[in-house]
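**Q** Got a structure here, written out as structure tokens. Questions coming.
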Ligand SMILES: [Zn+2]
């Protein structure tokens, strides 16, 4: 006899909160002020982005520093299969981006109006674009090729940083 799974329809609902701990300041400044904060080691001066509370090389505390919102793609790929949260964005790029002045690179989405691999490849300059409705999450911002920046920030759901020109 062929296997038949017996299924019962049910709903699982869980309300919970989680904390960003020592990195909370990054998410608060992102949400409230569209700032991208990294940290700088108080001993060796290494600038961590994404921020680390303590330097991973000399284990000394690091202090918050505001980063530029422009950077360079170090490695990237184009995403065709993703979770429900990003399904409408397919295809899009993701990559490790080293912000100008940072010593490390952060993983983030790279969107383009005309996505072709050469637009999001290693060495390309990108700039951060912010959601107008921010929640203090990594999805509050993404990167776009620098030459598309002005176009992205005029879209109704996104915005840039008015008083910063780097
Ligand atoms: Zn250090």
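Residue numbers (our numbering): 824 to 989.
Cβ atoms here follow ideal geometry from the backbone N, Cα and C, with glycine treated the same way.
Note that the structure is predicted; figures quoted are calculated from it, not measured.
(1) Which same chain residues end up closer than 7 angstroms to residue 890 when comparing Cβ atoms and leaving out the 5 residues on each side of it in sequence?
(2) Out of 964, 959, 896, state which residue places its alpha-carbon closest to the alpha-carbon of residue 850.
(3) Any heavy atom of ligand 1 within a distance shorter than 7 angstroms of the CB on residue 869?
(4) Under the criterion of a Cβ to heavy atom distance below 7 angstroms, does residue 880 qualify as lining ligand 1?
(5) Could you check what DSSP says for residue 990 in three-state terms: helix, strand or coil?
(6) What first and last residue would you give for the beta strand (DSSP E) that runs through residue 915?
(7) Return yes when the C-beta of residue 883 is under 7 angstroms from any heavy atom of ligand 1, and no when it is not.
**A** The answer reads as follows:
(1) 859, 860, 861, 872, 922, 924, 925
(2) 959
(3) yes
(4) yes
(5) Lying before the first or after the last residue shown, residue 990 is absent from the chain, which here runs from 824 to 989.
(6) 915-922
(7) yes
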